[in-house]
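Residue numbers (the numbering used here): -3 to 112.
Listed below in structure tokens is the structure:
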């Protein structure tokens, strides 16, 4: 038995699905394993309207840069084991561990991601 694993996600705020600064629209998306030059093995969220290259990867910050916040994403999804704050900014924590557990759990299988 695998037991129960809990993950937290972090995305950019909704800014009309604008490339590089917005989260992706609500919907159901197929996710497939791929290799990223920057993140190694990770999952790509496919068929996002008007967007491409949306990955699920490690990182802590997902803030609106135009408002002075830090961000480790440009439309991708961060995965963490918990949430908290670093220097006053909300973030996901223990991201590297979360991604390792997520990758081990899925073992290369594709999956459907539901964003609400």
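Glycine is no exception: its CB is placed at the ideal position from the N, C-alpha and C atoms.
Given the structure is predicted, the values throughout are model-derived calculations rather than measurements.
Pairwise C-alpha distance: residue j and residue i
i, j, result
"residue 30", "residue 0", "25 Å"
"residue 101", "residue 66", "30 Å"
"residue -3", "residue 92", "The predicted model places residue -3 with a pLDDT of 36, which falls under 50 and marks its position as unreliable, so this point remains unresolved."
"residue 52", "residue 35", "10 Å"
"residue 83", "residue 33", "29 Å"
"residue 42", "residue 81", "30 Å"
Three-way DSSP call (helix, strand, coil) for residue i in this model
i, result
"residue -3", "Confidence at residue -3 is low in this model, with a pLDDT of 36, below 50, so its placement is unreliable and no value can be given for it."
"residue 37", "strand"
"residue 18", "coil"
"residue 48", "coil"
"residue 83", "coil"
C-beta contact flag for residue i and residue j at 8 Å
i, j, result
"residue 50", "residue 111", "no"
"residue 3", "residue 75", "yes"
"residue 88", "residue 56", "yes"
"residue 73", "residue 5", "yes"
"residue 8", "residue 58", "yes"
"residue 47", "residue 15", "yes"
"residue 26", "residue 106", "yes"
"residue 64", "residue 18", "no"
Range covered by the alpha helix (DSSP H) that runs through residue i
i, result
"residue 98", "91 to 102"
Range of the contiguous beta strand (DSSP E) that encloses residue i
i, result
"residue 24", "23 to 32"
"residue 73", "73 to 76"
"residue 5", "4 to 6"
"residue 111", "107 to 111"
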